[in-house]
Structures are given as C-alpha cells and as structure tokens.
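Numbering (this note's numbering), first residue to last: 199 to 550. Here's the structure we're looking at; comments come further down.
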Amino acid sequence: MIRVKLLIPNRGKFHFGDTSGGLKRIFSSDQLVSTLANNLGIMYGESTIYEFFEDVKEGKTKFSSLFYGFDFVRKTENESVQTIYLLPRPKIDIFPETREYVFFHKKLKKIQFVSERLYSKLSKSWKEEENGSILNLEDICIFNQTMAALKEELVNLSINEDELEKLSMFHKNISPGVEINRKNSRSNNYFSREELEIVFGETKEYYVKPFMYFLVEGSLTERVQAAIHFLVDEGIGGKRSSGKGFFQGIKIEKIPQPDFTGKMHMNLSILFPKKEEVRYLNAYELEQRNGYIYSFGGKRVRKKSTMVISEGSILLKPVEGSLIDVRPEQFLHATYLYGKPIFIGFGGESGG
C-alpha cells in the first residue's frame, strides 16, 4: 500500500463544499480522483486522462479519501517525535462500559475521526447483539471535539490530558462577500463565504502540526505521481483563486498493508455499489453528489445527481463498487464519478 502525506501550512485555509453549498471536513475520494485527472490533463493532455481512468476502472489503482493526522514536534529539537494517523469513525454506536458515563453520549456522537489504535479497539470490542462497540471512556482522549485517540498512545509524550483537550486546530470561518456585475461593475447580491482554517496546536513542550493523507492500493505511474505532487501548486477544493487549498509539500511512501481484521469491512472511500452489492450494506450513510462539469475550454454543464455511500460505512463483505458516467444527455465525453472502495477489516476476528 502507498500513503501520500500532504503537509499543511500553519493557518492553511480550505473549502470542501457539499451539495447544499456548506462546508464539510473530508475531501472525498471521488473529488480526489477528479482533481488528479484534471492535473493529468493540464500536465500531459487529455489522452492521459483516459489512460488514468482505464487503470481505475480495472481496479489497478484505488484511492481512499483524505483524512487527517498529527505530528507532535518537540520544540527544543524541532523534529517530530510521534505521529498519529486518524481514520473515519465507523458508522456504528459506541456504548460506555458503565452507566455512570451516559452523560458522555453527546461527546461520543460528535466524534468524526479516531486514531488507528482506537479504531482497532472499537473493532475488537464490537458486539453483534448490540450492533455497536463497548468502550471505557477513561481510556480515550477527545480533542478538537471531533477527534479521539487512546491515552496509551500519548503516554510517552510530556503532555497532560487537559492540554490535549484544550487544543483547537480546526476553525470554521465565515466572511461576507458581494457579487459584482461584469458588465457595469455594480454590486449585486451579498453572500457569505465559509472556509476551514487549520492552525498548528501548541502545548508546553510540543507543536502539534495537522496534516492530510490518503491511501493508495495498487501502483502509481510516474505521471500520476507527478499529478499528486502538482497538488502543491494546483491545490484542492474550492476557492483556490483566493488562496485556499494549497500545501507546503507532499511525501509519497510505501507502507505495509494495514493490519485490521474483522468479520465485516469499513470503507475508506466513497462507494457506489453495483445493484447486486447493495445487500451487503450494514451500517452506512448516504451523501448526494451533483454540481457541474468543467470541461477544457467549455462552459459549465450540470452533472446528473446521484447518491453515494460515505466513508466509515460498514459492509458485511468487501464489494467492487463502480465508476458511473454522470454526464447529461448528448454531452461530448464521459464524465466519471469514482465509486470504487478501499476496505479495512472491522468487527472482532476475521470471518475468512
């Protein structure tokens, strides 16, 4: 497996829009694949896009969505002493071991991302009869309200729990704007812009530097690797003309296959299942996809609207998923929505 780490500048700003025009936290795999295809077209021409999608169709290369991680950098040494990678929280209920912690239920519901070791713990403590995982809340640390890790992961760091829980690194900013009429330069409608601002955290002895990463199953050609590195200059998401969506650097490295086993499987990407695969859905959420096609040199054309299965959904068995053509009728070329999944095991021991 390949892991691509995208380094975020301090106070980096991003706009990942949803279908309602709001802001979301995850840059999904279908958006990533579309971005890489556009980069390939800019760098090497349209024929390279078709070659890229042929490999993707055949499953030679699969992409996860973008998730977050943290580098803990000791101030005195200016080097990372520990890194935590986060995964999407599985779409299952989490129950406290004792009833005394029922008041934590709201805190648990806000968690969107869990560390790899916490994910493993949730997987092993999953109870089929409860359709959820059992967790001792004394074992976890929740920071930034939406992220959680095991306290044992941080035992080697000189950070106390209060310092971690006070960290606030993800901010939703809203600023006013106004539309300008291109013909007469007059102001028209007023509107508001939303952005996600990511700020480096700081404790007494450490800087806590967030980053993004995604996983790749299969191989990456030299051209696709170049398209990935081009993300530094070209950026991701919306509002890039106003400086949002850019990175300081990118690292591509090979890693061992994640050692997560289980009777079920969690999706790390957007999934569009084939008709016969729908029956394997267990615990999942739907997201809508619509918007416009931006073809080279052409005007905007609205895509077909569709529903997809979101990251963190649980399936009874791994499925293949599909690419679907979302172009409107009589449009000149195919326009694909990427719906092929990457899975990791979930739910106790492997069922084989």
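We treat Cβ as the ideally placed atom computed from N, Cα and C, and that holds for glycine.
Between the C-alpha atoms of residue i and residue j, what's the straight-line distance to the nearest angstrom?
i: R223; j: K442; result: 14 Å
i: E415; j: I468; result: 15 Å
i: K502; j: G519; result: 18 Å
i: M199; j: S417; result: 8 Å
i: N237; j: T344; result: 32 Å
i: Q486; j: M464; result: 20 Å
i: M505; j: E483; result: 10 Å
i: A532; j: Y248; result: 10 Å
i: Q446; j: L205; result: 5 Å
i: H369; j: L230; result: 22 Å
i: V476; j: F541; result: 16 Å
i: F529; j: P456; result: 41 Å
i: S548; j: F458; result: For S548, the predicted model reports a pLDDT of 45, less than 50, meaning its position is unreliable and no value from the coordinates is stated.
i: G550; j: S321; result: Any answer about G550 is weak, because its pLDDT of 36 lies below 50 and its placement is not dependable; what the coordinates show is given next. Those two C-alpha atoms are separated by around 16 Å.
i: P526; j: A235; result: 19 Å
i: K349; j: Y317; result: 13 Å
i: K258; j: T246; result: 15 Å
i: A424; j: S439; result: 22 Å
i: E400; j: M367; result: 9 Å
i: E327; j: D253; result: 41 Å
i: T233; j: K260; result: 14 Å
i: I282; j: E359; result: 16 Å
i: K319; j: A481; result: 18 Å
i: E314; j: K203; result: 16 Å
i: N371; j: I396; result: 10 Å
i: G220; j: I378; result: 22 Å
Counting only beta-carbon separations shorter than 8 Å, does residue i have a partner in chain B?
i: G210; result: Checking the listed chains, one finds no chain B in this structure; it contains a single protein chain.
What are the partner residues of residue i, as DSSP defines its beta bridges?
i: D337; result: The partner list for D337 (beta bridge, DSSP) is empty, contrary to what the question assumes.
i: L466; result: Per DSSP, none; premise fails for L466.
i: S486; result: Looking at the sequence shown, residue 486 is not Ser but Gln. Beta-bridge pairing links Q486 to M505.
i: R500; result: Y490
i: T281; result: D269
i: R315; result: The partner list for R315 (beta bridge, DSSP) is empty, contrary to what the question assumes.
i: S511; result: Paired residues: none, contrary to the question.
i: F529; result: DSSP output for F529 lists no bridge partner at all.
i: K364; result: In the DSSP output, where bridge partners are listed per residue, K364 has none listed.
i: Y572; result: Residue 572 is absent from the structure shown; the chain starts at 199 and stops at 550.
i: K203; result: Y411, K449
i: P286; result: F311
Which one of the options has the shortest CA to CA distance from residue i?
i: I448; options: E475, T233, V430, Q455; result: V430
i: E392; options: I290, G435, G399, Q486; result: G435
i: K211; options: Y482, V422, P539, F409; result: F409
i: L284; options: Y266, G543, F428; result: Y266
i: I290; options: F250, F270, A235, F311; result: F311
i: V499; options: S318, N488, K370; result: N488
i: P324; options: G460, Y242, T233; result: Note on identity: in this sequence residue 324 is Trp, with Pro being the wrong assignment. W324 has its Cα closest to that of G460, out of G460, Y242, T233.
i: I332; options: F268, F293, K402; result: F293
i: P286; options: K349, Y534, H303, F412; result: F412
i: G239; options: I426, E314, T259; result: I426
i: Q280; options: T246, E252, E351; result: E351
i: F428; options: T274, E244, F444; result: F444
i: K402; options: K273, H303, I282; result: K273
i: K255; options: D228, E277, E275; result: D228
i: P207; options: G543, I378, L514, G433; result: G433
Going by the CB atoms, is the gap between residue j and residue i shorter than 8 Å?
i: F398; j: Y405; result: yes
i: F214; j: L394; result: yes
i: I507; j: P454; result: no
i: V271; j: K407; result: yes
i: I338; j: A347; result: yes
i: L466; j: E509; result: yes
i: G330; j: M462; result: no
i: F225; j: S263; result: yes
i: R421; j: Y242; result: yes
i: E451; j: R201; result: yes
i: I522; j: P288; result: no
i: K305; j: I340; result: yes
i: V517; j: P539; result: yes
i: L365; j: N382; result: no
i: N334; j: E295; result: yes
i: Y534; j: F251; result: yes
Could you tell me if the beta carbon of residue i falls within a distance shorter than 7 Å of some heavy atom in the ligand ATP?
i: Y490; result: Judged by which ligands are present, the structure shown has none, so any question about the ligand ATP falls away.
- Query: What alpha helix (DSSP H) runs, 4 residues minimum, are completely inside the stretch 370 to 440?
  - Reply: 420 to 427, 429 to 432
- Along the chain, which unbroken stretches of the beta strand (DSSP E) at least 3 residues long are found entirely within the stretch 207 to 262? 210 to 212, 259 to 261
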